[in-house]
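Undergrad: Mind looking over this structure? Questions follow.
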Amino acid sequence: MIKAVMMLNTQGKPRLAKFYDYMPVEKQQELIRGVFSVLCSRPENVSNFLEIDSLFGPFSRLVYKHYATLYFVLVFDGSENELAMLDLIQVLVETLDKCFSNVCELDIVFNYSKMHAVLDEIVFGGQVLETSSAEVIKAVEEISKLEAASNSISLVPKSVSGWRGR
Amino acid sequence: MSSSSTSIMDNLFQRSLEDLIKGFRLQLLGESNFISRALEEIRREIKSTDLSTKSTALHKLSYLAALHGVDMSWAAFHAVEVVSSSRFQHKRIGYQAITQSFNDQTSVMLLITNQVRKDLNSANEYEVSLALECLSRIGTHDLARDLTPEVFTLLASSKSFVKKKAIGVVLRVFEKYHDAVNVCFKRLVENFESSNPQILSAVVGVFCELATKDPQSCLPLAPEFYKVLVDSRNNWVLIKVLKIFAKLASIEPRLGKKVAEPICEHMRRTVAKSLVFECVRTVVSSLSDHEAAVKLAVAKIREFLVEDDPNLKYLGLNALSIVAPKHLWAVLENKEVIVKAMSDEDPNVKLEALHLLMEMVNEDNVSEISRILMNYALKSDPLFCNEIIFFVLSACSRNAYEIIVDFDWYVSLLGEMARIPHCQRGEEIEHQLIDIGMRVRDARPQLVRVSWALLIDPALLSNLFLHPILSAAAWVSGEYVEFSKNPYETVEALLQPRTGLLPPSIRAVYIHSAFKVLVFCLGSYFSSQETTSSSLAQESSSGSSSMNAFTHGSILNLVNVIERDLGPLSETHNVEVQERAKNVLGFIGMIKQEIAEKLDLQDNETESSRVTAFMEDVFSEEFGPVSATAQEKAGVPDGLELKENLVDLEEICGEFLKPVESESVSYTDKISFSISKLRIRDQQEASSSSSPPDEASSLLAEHRKRHGMFYLTSQKEDPDSNSTHSDYPLANELANEISQDPFNPKRKPNQSKPRPVVVKLDDGDESRITPQAKKNIQTAKDDESLSLAIQSALLVKNKGKEKDRYEGNPNSGQQEKEESSRIENHQNSENKKKKKKKKKNGESSKHNCTNHDGEMKFSLMSE
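Chains X and C supply the protein sequences, listed in that same order. Per this note's numbering, residue 1 is the first one in the first sequence, and the count goes up by one each step. Per this note's numbering, residue 1001 is the first one in the second sequence, and the count goes up by one each step.
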């Protein structure tokens, strides 16, 4: 199971954080800080795995990848394969790249909703359900269309329901 | 009118999430100010009756919660409102907020059941997907129970987009609501036949999780897993299936034989490193008895180790350390690579290499490996340096210093460790120095030499982490002073002015050790006087022994030095130090007069020699190691109730803590029945024992009578209690119950020096079951009901299958045979028995299942 997905920039600011087990926001922030403090102390060109039992409990592993100004981080337990998780980060980044054509940190900052749509297609409740970026993009585009459609209807009579309601 | 108009205004001028993010990037207020303003705005907007406004506010809130740690639990009800919107966008925002913030304690959880059900039944697959995602994240027992029928329906969905998510959600539903297994299991298992790789991947993923939680219950599905292992070419699926087999093979060894070959096949065939690694890990962790497979796996590990990619190197080392306990040759084969990895820049790689080096340690190479490691420790960063020291310490002390033959060398090594600049493992070194002193008699002279060197090293005193080592060194020099070359110098070292840098507790050890040295010197002096006086004519041949080194002058000098150095300490603020110092000074006070006056203490019966002899007696008792289980050996004495409920104790104490002098009617009215009864008895007692009937003391007496075990034994106890008291073995008695380790039979004959005797306790040297392990047992129990559910579902499924397959021949007596024949397609015939046994297990636990299942099982059992 995947326990958490994070994207942090090199200053330690979270750009996306998703925890698949419920935990209070304070705990989430603490974990994000903890992960960043480990990541930022690691030199370049070393292995991408970390054992972080101290933060996420026994047998938890972390895989990260550093792209430009961002760290992509996956936290998972013993039922995932480290190299496969590294591939999954690759899948995620490739998908984002296709979604935003040459993705950069700003895309991630401003597309909070779409980021989650992408991630939710790949990881479902902690399980990896989709690894083909084409499939993911298909679904995400469909979701965007649905959202846009529901919005366009709402443009004209936004307050009609309000009048009727009285 | 006004409410709707504000709503319009809100709507028109509401900041969207994008505005919020932009604002965040431009804000000059400081982050927390900006957030609190944004929150104010959100709190206002979220109350709007307009769902668009509300959902935008909720969206902003969920953004702030996810990335800035803002609490959003207060908005739970608003999330429920937003999710009920018919618009997809709102729904999505609502579900996102719910999955993000709801948990078992959320009170409005009950309100979403119907909405989730409605969305699960929606014709729009994306709405279904949202609801499934929500259920998979926050599903509670109630939600899982109420929505099981919907999940069951969705498992048969024709759209793979929905179906894969329905399979994914089953995991949560099973976990929260075990009875769902009976409903959904068959449909879930049917997906193993699916030709769609997404579906197969999803279902294998679910079973991987189920097998991790409880391998036993997944064992009957081995044929299905085996088929996937052989047929699939999807690496994701194969990795998961390998994970499953790693779990299953560890509880069913015969399975290993079957799967070893296909796994090797994958290892040879594939180019995907992730799959190769998973194969390797499966082989080394669960199939380590299969020689050929292990050989191939180790060859693959070697390929990983020589790669430039640090990830592969790390994983290779990782796999080696899994294989090490059973196949040490694999580690030894790669020794050079491992030693080289110690100087890798990657801390992970270094740590794994260190771990492996310690695995390789045995009595022949321990000094060589320790030498290498000490060199690394000297040039490493503090963190890794201490890891190294820790590993060396724990490897060498394993099983009462099993691998150490030359203790002189090891003790010197401990001394060297103390001098490594980054060393922070003082406490462990302290423990080992003292432990070796107590266990290994032959190591004591070297121990004293090393301690002496530590004590006079001025650099150590100022290093906080090394103070425990100094404490041990001081204790050793005092306790084993007879091996000291120059006790006079030892005292000087123990009382040097810079000891003021030490914490008081350690300083006290220093002073006490100086006391021991002083007593030893005096004792030797007196005894040498005695011998010289008695054997004056005999031309004592032992004239050159160190005993005779003490002259009257040197003793007097020693006493003066100690008195001078300890004098100021008798007024120190720390009681421990003060007391120790006063002890020594008091002793000196007793003897000094005589020593100073009488130049020649010929007479054996002087006051000072008597006192010295007495103190020598006090210090002469040798300390032995104490078993970690010593406490447990002391049996619970008769009449001591440790598990008794102490509620009534509180009752009595409560009364007795109230002001006693207010012995008025109102007070006595209030007291409970038991107390009044007590009182009556008290009075009876008081009259009989003719002691003053004081309320407090009589209550106390009564309390002592009833709960005497919580009191210390008093002098005038009856003989019974004395006998129970003697049931306690004394600590020293326990310590003396030691067996002496015979010479290690494994030891090679060509060793130049015999291994000294190491005192080893019968038990208690090894750590017992760890709390972690206990916890695992606990969790295993928790999962039991789920596993029972799965087992029973498997029975139902298999029965169903048999029925499907052999409809024309529904002979229940044949069923089991038929089932076994099905297994034989993929399994060896041996598994048949296992399978039957499995079934029996399921039957024996039928009371945990629903009636329906009970009947099914009965019908199976009746044949």
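Glycine is no exception: its CB is placed at the ideal position from the N, C-alpha and C atoms.
DSSP three-state label for X/Gln127, please.
TA: Within the first sequence, numbered from 1, the residue matching residue 127 of chain X stands at position 127. DSSP, read as helix, strand or coil, puts X/Gln127 in strand.
Undergrad: Quick one: what does DSSP say X/Met7 is sitting in, helix, strand or coil?
TA: As a working mapping, residue 7 of chain X is identified with position 7 in the first sequence. It is a strand residue.
Undergrad: When DSSP labels each residue in this structure, what does X/Phe59 get in the three-state scheme?
TA: For the purposes of this step, residue 59 of chain X is identified with residue 59 of the first sequence, where counting begins at 1. In this structure, DSSP gives X/Phe59 a state outside helix and strand, which the three-state scheme calls coil.
Undergrad: Using a C-beta cutoff of 8 Å, does C/Asn1348 count as contacting chain X?
TA: As a first step, residue 1348 of chain C is located in the second sequence; it is residue number 348 there, counting from the start. By this cut-off, C/Asn1348 is an interface position.
Undergrad: From C/Ala1453 to X/Gln29, what distance separates their C-alpha atoms?
TA: Mapped onto the second sequence, residue 1453 of chain C falls at position 453. Mapped onto the first sequence, residue 29 of chain X falls at position 29. Near 50 Å, if we compare the C-alpha coordinates of X/Gln29 and C/Ala1453.
Undergrad: Measuring only between beta-carbons, confirm whether C/Ser1767 sits less than 8 Å from chain X.
TA: The count along the second sequence starts at 1 and reaches residue 1767 of chain C at position 767. Confidence at C/Ser1767 is low in this model, with a pLDDT of 44, below 50, so the placement of that residue is unreliable and no value is reported for it.
Undergrad: So which residues of chain X does C/Glu1345 contact, with C-beta pairs closer than 9 Å?
TA: Residue numbering aside, residue 1345 of chain C sits at position 345 when the second sequence is read from its first letter. Those are Pro43, Asn45 and Val46, listed as they occur along chain X.
Undergrad: Please compile the residues from chain C whose C-beta is within a distance smaller than 8 Å of the C-beta of X/Asn102.
TA: Against the first sequence, residue 102 of chain X aligns to sequence position 102. Neighbours of X/Asn102 on chain C: none; closest Cβ ~20 Å, over 8 Å.
Undergrad: Would you call the region 1329-1340 of chain C and the region 1293-1305 of chain C touching, i.e. three or more CB-CB distances under 8 Å?
TA: yes
Undergrad: Taking X/Val46 as the reference, give the member of C/Ala1246, C/Tyr1226, C/Ala1341 and C/Cys1208 with the closest Cα.
TA: Here the question's residue 46 of chain X lines up with position 46 in the first sequence. Of the listed residues, the one whose Cα sits closest to X/Val46 is C/Ala1341.
Undergrad: According to DSSP, is C/Lys1047 part of a helix, a strand, or is it coil?
TA: Taking the second sequence and counting its residues from 1, the one referred to as residue 1047 of chain C is at position 47. Correct three-state label for C/Lys1047: coil.
Undergrad: Taking the straight line between their C-alpha atoms, what separation do you get for C/Arg1172 and C/Val1204?
TA: Indexing the second sequence from 1 puts residue 1172 of chain C at position 172. Indexing the second sequence from 1 puts residue 1204 of chain C at position 204. Counting only the Cα atoms, C/Val1204 lies some 15 Å from C/Arg1172.
Undergrad: Would a check of beta-carbon distances place C/Ser1721 closer than 8 Å to chain X?
TA: Taking the second sequence and counting its residues from 1, one reaches residue 1721 of chain C at position 721. In this prediction, C/Ser1721 scores a pLDDT of 41, lower than 50, which makes its location untrustworthy; the coordinate-derived value is nonetheless stated afterwards. It does not; no Cβ of chain X falls within 8 Å.
Undergrad: What did DSSP end up calling X/Ile52 once you bin it into helix, strand or coil?
TA: Start at 1 with the first residue of the first sequence, and residue 52 of chain X comes out as number 52. Here DSSP, grouped into helix, strand and coil, assigns X/Ile52 to coil.
Undergrad: At a CB-CB cut-off below 7 Å, which residues of chain C make contact with X/Glu82?
TA: Position 82 of the first sequence holds residue 82 of chain X. Going along chain C in sequence order, the residues near X/Glu82 (Cβ under 7 Å) are Leu1315.
Undergrad: Determine, for C/Gln1424, whether the minimum Cβ-Cβ distance to residues of chain X falls below 8 Å.
TA: By 1-based counting over the second sequence, the position of residue 1424 of chain C is 424. For C/Gln1424, the answer is no, since every Cβ of chain X falls outside 8 Å of its Cβ.
Undergrad: Does DSSP put C/Arg1302 in a helix, in a strand, or in coil?
TA: Reading the second sequence from its first residue, position 302 is the one you call residue 1302 of chain C. In this structure, C/Arg1302 counts as helix in the three-state DSSP scheme.
Undergrad: Can you tell me whether X/Lys145 is buried or exposed, with buried defined as 16 or more other CB within 10 angstroms of its CB?
TA: Counted from its first residue, the first sequence places residue 145 of chain X at position 145. Here X/Lys145 is exposed, its C-beta having fewer than 16 other C-beta atoms within 10 Å.
Undergrad: Between the region 1205-1231 of chain C and chain X, which residues of the former have a C-beta closer than 8 Å to a C-beta of the latter?
TA: Residues passing the 8 Å Cβ filter: Gly1205, Val1206, Cys1208, Glu1209 and Thr1212.
Undergrad: What first and last residue would you give for the beta strand (DSSP E) that runs through X/Arg15?
TA: Locating residue 15 of chain X in the first sequence gives position 15, counting from the first residue. X/Arg15 -> beta strand (DSSP E) spans Pro14 to Phe19.
Undergrad: Once DSSP output is grouped into helix, strand and coil, what is the label at C/Lys1748?
TA: What you label residue 1748 of chain C is simply residue 748 of the second sequence in a count that begins at 1. Here C/Lys1748 scores only 43 on pLDDT, less than 50, and its place in the model should not be relied on; the value that follows carries that caveat. In the structure shown, C/Lys1748 adopts coil according to DSSP, grouped into three states.
Undergrad: Within 10 angstroms of its Cβ, does C/His1573 collect 16 or more other Cβ (buried), or is it exposed?
TA: The count along the second sequence starts at 1 and reaches residue 1573 of chain C at position 573. Exposed, since its Cβ has fewer than 16 Cβ neighbours within 10 Å.
Undergrad: Check for me: the alpha helix (DSSP H) holding C/Phe1619 runs from which residue to which?
TA: For the purposes of this step, residue 1619 of chain C is taken as the residue at position 619 of the second sequence. Per DSSP, C/Phe1619 is one residue of the alpha helix (DSSP H) stretching across Glu1607 to Ser1620.
Undergrad: Check whether the region 1462-1471 of chain C and the region 1421-1431 of chain C touch, using three or more Cβ-Cβ pairs below 8 Å as the test.
TA: Contact between the region 1462-1471 of chain C and the region 1421-1431 of chain C is present, because at least three Cβ pairs lie under 8 Å.
Undergrad: Between C/Ala1211 and X/Ser133, what straight-line distance do the alpha-carbon atoms span, to the nearest angstrom?
TA: As a first step, residue 1211 of chain C must be located in the second sequence, where it is residue number 211. As a first step, residue 133 of chain X must be located in the first sequence, where it is residue number 133. Taking the straight line from one Cα to the other gives about 29 Å.
Undergrad: Near C/Met1358, what residues of its chain come up, given a Cβ to Cβ distance below 7 Å and the 5 sequence neighbours on each side ignored?
TA: Counted from its first residue, the second sequence places residue 1358 of chain C at position 358. Excluding positions up to five away in sequence, the list reads Phe1391 and Ala1395.
Undergrad: So C/Trp1236 contacts chain X; which residues on that side make the cut at Cβ distance below 8 Å?
TA: Here the question's residue 1236 of chain C lines up with position 236 in the second sequence. Ala84, Val128 and Thr131, listed in chain order.
Undergrad: What residues from chain C crowd round X/Cys56, counting only those whose CB sits closer than 9 Å?
TA: For this step, residue 56 of chain X is matched to residue 56 along the first sequence. In the sequence as presented, Cys is not what sits at residue 56 of chain X; that position holds Phe. Those do not exist, as X/Phe56 stays about 16 Å from chain C at its closest Cβ, beyond 9 Å.
Undergrad: Which chain X residues are close to C/Phe1277, counting only those with a beta carbon under 8 Å from its beta carbon?
TA: The residue labelled residue 1277 of chain C in the question sits at position 277 within the second sequence. Residues of chain X passing the Cβ test: Asn81, Glu82 and Leu83.
Undergrad: Skipping 5 residues on each side, what residues in its chain have a beta carbon closer than 6 Å to that of C/Pro1504?
TA: Here the question's residue 1504 of chain C lines up with position 504 in the second sequence. Once the five neighbours on either side are set aside, the close Cβ partners of C/Pro1504 are Asn1574, Glu1576 and Val1577.
Undergrad: State the start and end residues of the unbroken beta strand (DSSP E) segment that holds X/Phe72.
TA: Counting from one through the first sequence, the residue named residue 72 of chain X turns up at place 72. Going by DSSP, X/Phe72 is part of the beta strand (DSSP E) stretching over Leu70 to Phe76.
Undergrad: Per the contact definition of three or more C-beta pairs closer than 8 Å, is the region 1472-1486 of chain C in contact with the region 1426-1437 of chain C?
TA: yes
Undergrad: Can you say whether C/Arg1281 is buried or exposed, counting buried as having 16 or more other CB atoms within 10 angstroms of its CB?
TA: As a working note, residue 1281 of chain C is residue 281 in the second sequence. Under this definition C/Arg1281 is a buried residue.
Undergrad: So which residues of chain X does C/Gly1168 contact, with C-beta pairs closer than 8 Å?
TA: Your numbering for residue 1168 of chain C matches position 168 in the second sequence. Those are Phe124, Gly125, Gln127 and Leu129, listed as they occur along chain X.
Undergrad: Quick check: the Cα distance between X/Ile143 and C/Val1070, rounded to an integer number of angstroms?
TA: Working through the first sequence from its first residue, we reach residue 143 of chain X at position 143. Working through the second sequence from its first residue, we reach residue 1070 of chain C at position 70. X/Ile143 and C/Val1070: Cα-Cα distance of roughly 27 Å.
Undergrad: Please decide whether X/Ile108 counts as near chain C, where near means a Cβ-Cβ distance under 8 Å.
TA: In the first sequence, counting from the first residue as 1, residue 108 of chain X sits at position 108. By the rule that beta-carbons nearer than 8 Å mark a contact, X/Ile108 does not touch chain C.
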